[in-house]
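To keep things clear, I will list the structure first and then write my remarks on it.
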Amino acid sequence: MNTKQLIIVAGPTAVGKTDMAVWLAKHFSTEIINADSRQVYREMTIGTALPSPEQQAGIRHHFIGHRSVYDYYNASLYETEALEVLNGLFEKHDVVVMAGGSGMYIDAVCRGIDAIPTVDAGVRERIRDAFMSAGLEGIRQKLRACDPVYYARVDLNNPQRIRKALEIYEMTGRPYSSYLTGEIKKRSFSFVKIGLDMPREELHDRINQRVDAMIERGLLQEARNLYASRHVNALNTVGYKELFGYIDNLCTLEEAVLQIKGHTRQYARRQLTWFRKDSSVQWFRPDEPEAILNYVCLKIKEQ
RNA sequence: GGUGCCAUAGCUCAGUUGGUAGAGCAACGGACUGAAAAUCCGUGUGUCCGUGGUUCAACUCCACGUGGCACCA
Numbered sequence: 010m011n012t013k014q015l016i017i018v019a020g021p022t023a024v025g026k027t028d029m030a031v032w033l034a035k036h037f038s039t040e041i042i043n044a045d046s047r048q049v050y051r052e053m054t055i056g057t058a059l060p061s062p063e064q065q066a067g068i069r070h071h072f073i074g075h076r077s078v079y080d081y082y083n084a085s086l087y088e089t090e091a092l093e094v095l096n097g098l099f100e101k102h103d104v105v106v107m108a109g110g111s112g113m114y115i116d117a118v119c120r121g122i123d124a125i126p127t128v129d130a131g132v133r134e135r136i137r138d139a140f141m142s143a144g145l146e147g148i149r150q151k152l153r154a155c156d157p158v159y160y161a162r163v164d165l166n167n168p169q170r171i172r173k174a175l176e177i178y179e180m181t182g183r184p185y186s187s188y189l190t191g192e193i194k195k196r197s198f199s200f201v202k203i204g205l206d207m208p209r210e211e212l213h214d215r216i217n218q219r220v221d222a223m224i225e226r227g228l229l230q231e232a233r234n235l236y237a238s239r240h241v242n243a244l245n246t247v248g249y250k251e252l253f254g255y256i257d258n259l260c261t262l263e264e265a266v267l268q269i270k271g272h273t274r275q276y277a278r279r280q281l282t283w284f285r286k287d288s289s290v291q292w293f294r295p296d297e298p299e300a301i302l303n304y305v306c307l308k309i310k311e312q
């Protein structure tokens with residue numbers, strides 16, 4: 010039996026993960042690790058549905074607003090930092106709760122990400138320029154020449170993936186595929202994965218209402234404050250990019266709000282696609298905390 | 001009251017010299033190893049307003065009806 014347990018609360022945006030995590034954390038008198046790729050940025054608060062002051066009262070939440078949108082951040086950095094924090098927390102607690110909707114961040118903690126060198130900004134820029142001038146077909150051919158293994162398995166319609174592989178080759182002289190071992194890293198603690206879901210129509214209602222509430226709380230002003238930096242990766246985020254479009258006069262405010270709702274619904278669907286694939290996730294409705302607690306306790310006894 | 005225009009997917013609309021229909025958005029499914037709230041792939045879901053008529057065949061042409069819009073009274 011492994012005495013240290015990480016309870017993971019996953020699911021689509023707006024389903025009620027934070028409430029459930031807080032409830033579980035209170036029950037186990039422990040703390041919460043956030044696994045949401047946008048809540049880590051301190052400049053974005055309204056649009057990322059941060060845990061409210063009430064939800065944060067008395068329960069320590071980690072990885073909320075600990076970075077700036079100007080920082081370079083990614084799933085691998087998150088893996089390293091989250092493991093450090095978890096090691097500390099497990100000295101005081103047998104159970105820690107993790108909550109969030111970024112499947113890749115959760116997997117980074119559970120299974121690990123292969124060690125790949127960090128690409129510097131200059132290389133990133135050169136590859137971007139190559140894509141601009143040579144086009145998708147151009148960078149495909151470059152990839153075929155330098156990394157036929159990855160070329161054979163990558164989604165050739167996805168420029169982001171091809172560029173990443175070219176960056177690594179340019180940076181290190183080694184093919185990207187040679188870094189991908191797929192090795193699952195051993196952790197010193199066990200996992201209990203909970204998935205929250207509800208009928209789609211209900212989820213859509215909650216999303217729509219939450220977006221309206223964000224607008225009322227001043228999301229447009231927050232977007233205006235960040236407008237000058239709108240091209241940084243962190244601000245390529247639902248709720249902000251659409252309002253940048255409105256500020257640029259590309260659409261009305263009403264249209265931008267409809268876009269935010271639509272893009273949030275699509276994001277929720279992609280999250281479900283990710284988590285459904287993970288057979289270790291046990292699914293519940295958010296309104297059955299007792300059933301969840303029973304399941305968690307059972308799993309903890311087993312592991 | 002009269003005249004004209006319109007009625008096709010959840011929404012906005014296109015279309016067939018008559019052979020039961022297709023775009024965008026939405027929706028739905030999927031992929032995912034350092035941007036992941038990102039990026040990419042796939043799927044058309046339909047009493048073509050209703051009832052008659054012409055025709056081998058009507059979503060398309062004709063008549064009437066219903067609803068909407070515009071103009072004239």
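If you read the first sequence in the working numbering, its first letter stands for residue 10, the second for the next number, and so on.
All C-beta atoms in this analysis are idealised placements derived from N, C-alpha and C, irrespective of residue type, glycine included.
Taking only three categories from DSSP, how would you classify residue i?
i	result
residue 316	Residue coverage of the chain in this structure runs from 10 to 312, which leaves residue 316 outside it and unanswerable.
residue 200	strand
residue 275	helix
residue 18	strand
residue 42	strand
residue 71	strand
residue 178	helix
residue 169	helix
residue 253	helix
residue 29	helix
residue 248	coil
residue 64	helix
residue 239	coil
residue 184	coil
Kindly identify the DSSP beta-bridge partner or partners of residue i.
i	result
residue 50	76
residue 290	202
Is it right to say residue i is buried, meaning 16 or more other beta carbons lie within 10 angstroms of its own, or is it exposed?
i	result
residue 53	buried
residue 97	exposed
residue 32	buried
residue 222	exposed
residue 141	exposed
residue 119	buried
Inset, instruction - Indicate whether the contact test is met: 3 or more Cβ pairs, each with one atom in the stretch 70–78 and one in the stretch 266–273, closer than 8 Å. - result: Remark: fewer than three beta-carbon pairs, one from each stretch, lie closer than 8 Å, so the stretch 70–78 and the stretch 266–273 are not flagged as touching.
Inset, instruction - Spell out a yes or no on whether the stretch 43–59 and the stretch 103–110 are touching, meaning 3 or more CB-CB pairs, one atom from each, closer than 8 Å. - result: yes
Legend entry - Any 3 or more C-beta pairs closer than 8 Å across the stretch 86–93 and the stretch 146–165: no
Legend entry - Three-pair Cβ contact test at 8 Å for the stretch 175–185 versus the stretch 121–128: yes
Inset, instruction - With a floor of 3 residues, list each beta strand (DSSP E) that falls wholly inside the stretch 102–166, ordered by position along the chain. - result: Secondary structure in the stretch 102–166: the beta strand (DSSP E) runs of 3 residues or longer, each lying completely within the stretch, are 104–108 in chain order.
Inset, instruction - Tell me, please, whether the stretch 188–207 touches the stretch 19–31 by the rule of three or more beta-carbon pairs shorter than 8 Å. - result: Enough Cβ pairs lie closer than 8 Å, so yes.
Legend entry - Cβ contact check for the stretch 286–293 and the stretch 188–205: 3 or more pairs under 8 Å: With a cut-off of 8 Å, the stretch 188–205 and the stretch 286–293 count as touching, because enough Cβ pairs lie within range.
Inset, instruction - Indicate whether the contact test is met: 3 or more Cβ pairs, each with one atom in the stretch 130–141 and one in the stretch 224–232, closer than 8 Å. - result: The stretch 130–141 vs the stretch 224–232: no contact.
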